Amino acid sequence: DIVSLTDASTISVNFNSGQNFDVRLGGNRNLGAPTNVQSGQTGSFFIRQDGTGSRTLSYNSAYKFVGGTAPTLTTGAGLTDRIDYIILSSNVIHCAVSLDVK
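What follows is the structure, encoded as structure tokens:
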């Protein structure tokens, strides 16, 4: 199942609600501190631009990216990026990014 996340200034993620998540950005947003984190859980975030595009996403410090640098999302209207993750511990979530998935 894919769980829809509520678009807000800070996007809340409750890992008890699922493993795969989808959100359409309606503005510049922050992926907030996750709750109910369970080591070993894996899944994906589908991050979609709205019809305007040019939306940005920042990340809580629990989300770790290759080289220590968070990705710059694809900004075209209606486009989708995917972030795959595996949870190492309550404050360490390793992430791999696929940009402009079509």
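Note that my numbering has the sequence shown beginning at 776, numbered continuously upward.
Beta carbons are placed, not taken as given, at the ideal position from N, Cα and C, and that holds for glycine.
The structure displayed is predicted, hence computed values, not measured ones.
Quick check: the Cα distance between G815 and I861, rounded to an integer number of angstroms? As a first step, residue 815 must be located in the sequence shown, where it is residue number 40. As a first step, residue 861 must be located in the sequence shown, where it is residue number 86. If I take the Cα positions, the gap works out to 6 angstroms.
CB-CB length for I777 against V798, believed under 8 angstroms: Translated into the one-based positions of the sequence shown, residue 777 becomes position 2. Translated into the one-based positions of the sequence shown, residue 798 becomes position 23. About 10 angstroms; that fails the 8 angstroms criterion.
Below 8 angstroms on the Cβ atoms is my contact criterion, and I expect G807 with D782 to pass it. Report the Cβ-Cβ distance as a whole number of Å. Translated into the one-based positions of the sequence shown, residue 807 becomes position 32. Translated into the one-based positions of the sequence shown, residue 782 becomes position 7. That pair is no contact at about 12 angstroms.
With a CB to CB cut of under 7 angstroms and the five nearest residues on each side skipped, what residues in its chain are close to N803? Indexing the sequence shown from 1 puts residue 803 at position 28. Counting only Cβ-Cβ distances below 7 angstroms, and skipping sequence neighbours, we find R830 and T831.
Buried/exposed call for V841, threshold 16 Cβ in 10 Å: As a first step, residue 841 is located in the sequence shown; it is residue number 66 there, counting from the start. The residue is exposed, with fewer than 16 neighbouring Cβ atoms inside 10 Å.
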